[in-house]
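**Q** Sequences listed follow chains F and W, in order.
Numbered by numbering that gives the first Met the number 0, the letters in the first sequence go through residues 0 to 142 in order.
Numbered by numbering that gives the first Met the number 0, the letters in the second sequence go through residues 0 to 142 in order.
Even for Gly, the Cβ is constructed at its ideal location relative to N, Cα and C.
Here the structure is a predicted model, which means the values were calculated and not measured.
Below you will find the structure I want to go over with you.
Protein chains: 2
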Amino acid sequence: MEGFFRSFMQVYRPMVTQLNELLAEYHLSYSLWQVIFYVQREGHSTLVEISSHYHVEKPSITRRVHRLEELNLIQVIPSENRREKVIQLTDHGAAIYQECREKITKLEHQILEGCTEQEIKNIFQALNKIQNNMISKEGNVRE
Amino acid sequence: MEGFFRSFMQVYRPMVTQLNELLAEYHLSYSLWQVIFYVQREGHSTLVEISSHYHVEKPSITRRVHRLEELNLIQVIPSENRREKVIQLTDHGAAIYQECREKITKLEHQILEGCTEQEIKNIFQALNKIQNNMISKEGNVRE
DNA sequence: GTGTATAGTTACCTAAAGTAACAGTTAACC
DNA sequence: GGTTAACTGTTACTTTAGGTAACTATACAC
Numbered sequence: 000m001e002g003f004f005r006s007f008m009q010v011y012r013p014m015v016t017q018l019n020e021l022l023a024e025y026h027l028s029y030s031l032w033q034v035i036f037y038v039q040r041e042g043h044s045t046l047v048e049i050s051s052h053y054h055v056e057k058p059s060i061t062r063r064v065h066r067l068e069e070l071n072l073i074q075v076i077p078s079e080n081r082r083e084k085v086i087q088l089t090d091h092g093a094a095i096y097q098e099c100r101e102k103i104t105k106l107e108h109q110i111l112e113g114c115t116e117q118e119i120k121n122i123f124q125a126l127n128k129i130q131n132n133m134i135s136k137e138g139n140v141r142e
Numbered sequence: 000m001e002g003f004f005r006s007f008m009q010v011y012r013p014m015v016t017q018l019n020e021l022l023a024e025y026h027l028s029y030s031l032w033q034v035i036f037y038v039q040r041e042g043h044s045t046l047v048e049i050s051s052h053y054h055v056e057k058p059s060i061t062r063r064v065h066r067l068e069e070l071n072l073i074q075v076i077p078s079e080n081r082r083e084k085v086i087q088l089t090d091h092g093a094a095i096y097q098e099c100r101e102k103i104t105k106l107e108h109q110i111l112e113g114c115t116e117q118e119i120k121n122i123f124q125a126l127n128k129i130q131n132n133m134i135s136k137e138g139n140v141r142e
């Protein structure tokens, strides 16, 4: 068990780098991608929903959303509740989502290449358990 | 396989947060811990060695080492080659390493609690393979 | 309808890393 | 053996991403 953090971190940095390189072409980064992903999956979304899903403070999400608006990937739609800002993907956003989704999935396959079915199954299970262990230990992570 | 990055990232943030909370008591962060860990394991080390091991630029390591010197955890020892700065842990550094090592190992156990032997074995194997896949794909990661 | 809670924003700060440029030292090599 | 090239570490500046505190506008409670 010792060395888990070490292994995990050693993988983390280059993984994010590769993801960001992949997304750079679209002027995106992984943190922006997270928002696109959420909105694509959930449809109409508010900033607080995104913020609490990813456990990131509201100002961070405000910034991410602003950049996505500038990139014309996300648009605001009128809401009955004038406090909240409801957003959705633009057509362009949906197209970019599709493109990135495919590339990211391909990268996922490349990165997991050589892993057995069993290893992959176990790694997903383990990540899930880890996530739950952390939730219970602290008010952290996941929706 | 799809969703691997998502799961991985969802675990990453709270994990680092917990690690940093654990280390905060010693005025450390995980990035500083990495240097302590390296020097503890390798003994006399130069900044370039650390830099290339973690694939982090030299200025970052300079900064980390300076902070560790301020904290009196690391000291410079005279080197025949006057270009390079050879460092080692101070006695205090070695003691702090020991304390942190134990706490970190404990946290590793907590976080992996509920995972089967098999899952743990596989997750280590998988992380290893991933690392290698990334090295081959790009000039990234690991020593 | 007055007070409280909520959504989003702004301004400011922090952590960590990257790039470029440079000084000092060593090695190369002709 | 003296000049050039390469290497180690540092400084200064920039970038990315997030956090906190304070504020505005709106909605809800009662």
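Against chain W, does SER59 (chain F) count as a neighbour if the rule is that its beta carbon must be under 7 Å from one of theirs?
**A** As a first step, residue 59 (chain F) is located in the first sequence; it is residue number 60 there, counting from the start. Not one chain W Cβ lies under 7 Å of SER59 (chain F).
**Q** Between the beta-carbon of VAL38 (chain W) and the beta-carbon of SER30 (chain W), is there less than 7 Å?
**A** Position 39 of the second sequence, counted from the start, is the residue given in the question as residue 38 (chain W). Position 31 of the second sequence, counted from the start, is the residue given in the question as residue 30 (chain W). No, the Cβ-Cβ distance between VAL38 (chain W) and SER30 (chain W) is not below 7 Å.
**Q** Quick one: grab the DSSP three-state call for LEU173 (chain F).
**A** What is shown of chain F runs 0 to 142, which leaves residue 173 (chain F) out entirely.
**Q** Checking contacts by CB at 7 Å: is THR89 (chain F) closer than that to chain W?
**A** As a working note, residue 89 (chain F) is residue 90 in the first sequence. Not one chain W Cβ lies under 7 Å of THR89 (chain F).
**Q** Please report how far the alpha carbon of ARG141 (chain F) lies from the alpha carbon of ASN127 (chain F), in whole angstroms.
**A** Stepping through the first sequence from its first residue, residue 141 (chain F) is reached at position 142. Stepping through the first sequence from its first residue, residue 127 (chain F) is reached at position 128. Note that ARG141 (chain F) scores a pLDDT of 32, beneath 50, so its modelled location is shaky; the value from the coordinates is reported in the next line. One alpha carbon belongs to ARG141 (chain F), the other to ASN127 (chain F), and they sit about 10 Å apart.
**Q** Does the distance from the CB of VAL85 (chain F) to the CB of ILE76 (chain F) come in under 7 Å?
**A** Within the first sequence, the letter at position 86 stands for residue 85 (chain F). Within the first sequence, the letter at position 77 stands for residue 76 (chain F). A contact, by the Cβ cut-off of 7 Å.
**Q** Please confirm whether TYR25 (chain F) and ILE103 (chain F) have their CB atoms less than 7 Å apart.
**A** Mapped onto the first sequence, residue 25 (chain F) falls at position 26. Mapped onto the first sequence, residue 103 (chain F) falls at position 104. Contact check for TYR25 (chain F) against ILE103 (chain F) fails: the beta carbons are separated by 7 Å or more.
**Q** Can you check the segment 15-87 of chain W for any alpha helix (DSSP H) of at least 4 residues that lies completely inside it and give the ranges in chain order?
**A** 29-41, 46-53, 57-69
**Q** Within the 7 Å Cβ cut-off, does LEU126 (chain W) reach chain F?
**A** Indexing the second sequence from 1 puts residue 126 (chain W) at position 127. Yes - at least one Cβ of chain F is within 7 Å of the one on LEU126 (chain W).
**Q** Could you check how far apart the C-beta atoms of ALA125 (chain F) and GLU118 (chain W) are, in whole angstroms? I think they sit under 8 Å.
**A** As a first step, residue 125 (chain F) must be located in the first sequence, where it is residue number 126. As a first step, residue 118 (chain W) must be located in the second sequence, where it is residue number 119. The C-beta distance from ALA125 (chain F) to GLU118 (chain W) rounds to 5 Å, short enough to meet the 8 Å contact threshold.
**Q** Considering LEU111 (chain F), what are the terminal residues of the alpha helix (DSSP H) in which it resides?
**A** As a first step, residue 111 (chain F) must be located in the first sequence, where it is residue number 112. Counting along the chain, LEU111 (chain F) falls outside any alpha helix (DSSP H), and DSSP gives it neither H nor E.
**Q** So, for GLU56 (chain W): in the same chain, excluding its five sequence neighbours on each side, which residues have a beta-carbon less than 8 Å away from its beta-carbon?
**A** Here residue 56 (chain W) corresponds to residue number 57 of the second sequence, with the count starting at 1. Only SER50 meet the Cβ criterion.
**Q** Check whether chain F comes within 7 Å of TYR37 (chain W), counting only Cβ atoms and requiring the distance to be less than that.
**A** For the purposes of this step, residue 37 (chain W) is taken as residue 38 along the second sequence, with counting starting at 1. No, no contact with chain F.
**Q** Just to make sure I have the definition right: I need the residues of chain W whose C-beta is within less than 7 Å of the C-beta of GLU112 (chain F). Which are they?
**A** What you label residue 112 (chain F) is simply residue 113 of the first sequence in a count that begins at 1. Listed along chain W are ASN132, each with a C-beta nearer than 7 Å to that of GLU112 (chain F).
**Q** Please state whether DSSP places GLY92 (chain W) in a helix, a strand or coil.
**A** Stepping through the second sequence from its first residue, residue 92 (chain W) is reached at position 93. Here GLY92 (chain W) sits in helix by DSSP.
**Q** Under the three-state reduction of DSSP, which class applies to GLU176 (chain F): helix, strand or coil?
**A** The question about residue 176 (chain F) has no answer here: the residues shown for chain F are numbered 0 through 142.
**Q** What's the C-alpha gap between ILE110 (chain W) and ARG63 (chain W)?
**A** Taking the first residue of the second sequence as 1, we reach residue 110 (chain W) at position 111. Taking the first residue of the second sequence as 1, we reach residue 63 (chain W) at position 64. Their Cα atoms are separated by approximately 27 Å.
**Q** Between the segment 46-76 of chain W and chain F, which residues of the former have a C-beta closer than 9 Å to a C-beta of the latter?
**A** TYR53, HIS54, VAL55
**Q** Based on Cα-Cα distance, which residue from F:GLN130, F:ILE129, F:CYS99, F:ASN121 lies nearest to GLU20 (chain F)?
**A** Start at 1 with the first residue of the first sequence, and residue 20 (chain F) comes out as number 21. Measuring from the Cα of GLU20 (chain F), the nearest candidate turns out to be F:CYS99.
**Q** If you draw a straight line from the C-alpha of VAL15 (chain W) to the C-alpha of GLN97 (chain F), how long is it?
**A** Position 16 of the second sequence, counting from 1, holds the residue named residue 15 (chain W). Position 98 of the first sequence, counting from 1, holds the residue named residue 97 (chain F). Whole-angstrom Cα-Cα distance: 31 Å.
**Q** Quick check: the Cα distance between VAL34 (chain F) and VAL10 (chain W), rounded to an integer number of angstroms?
**A** As a working note, residue 34 (chain F) is residue 35 in the first sequence. As a working note, residue 10 (chain W) is residue 11 in the second sequence. Going from the Cα of VAL34 (chain F) to the Cα of VAL10 (chain W) covers about 17 Å.
**Q** ILE134 (chain F): which of F:HIS52, F:TRP32, F:SER6, F:PRO13 sits nearest, CA to CA?
**A** On the first sequence, position 135 is the one that residue 134 (chain F) refers to. Among F:HIS52, F:TRP32, F:SER6, F:PRO13, the Cα nearest to that of ILE134 (chain F) is on F:HIS52.
**Q** Rounded to the nearest angstrom, what separates ASN71 (chain F) and THR89 (chain F) at their Cα positions?
**A** To locate residue 71 (chain F), count along the first sequence from 1; it is residue 72. To locate residue 89 (chain F), count along the first sequence from 1; it is residue 90. Between ASN71 (chain F) and THR89 (chain F), the C-alpha separation is close to 7 Å.
**Q** Out of W:SER6, W:ALA93, W:ARG5, which one is the CA nearest neighbour of ARG40 (chain W)?
**A** Counted from its first residue, the second sequence places residue 40 (chain W) at position 41. Nearest of W:SER6, W:ALA93, W:ARG5 to ARG40 (chain W), Cα basis: W:ALA93.
**Q** Do GLU107 (chain F) and MET8 (chain W) come within 7 Å of each other at the CB atom, strictly closer than that value?
**A** Position 9 of the second sequence, counting from 1, holds the residue named residue 8 (chain W). Position 108 of the first sequence, counting from 1, holds the residue named residue 107 (chain F). In this structure, GLU107 (chain F) does not lie closer than 7 Å to MET8 (chain W) by Cβ.
**Q** With a threshold of 16 other CB atoms inside 10 Å of the CB of PRO13 (chain W), please say whether the residue is buried or exposed.
**A** As a position in the second sequence, residue 13 (chain W) is number 14, starting the count at 1. Counting Cβ neighbours within 10 Å, PRO13 (chain W) comes out buried, since at least 16 surround it.
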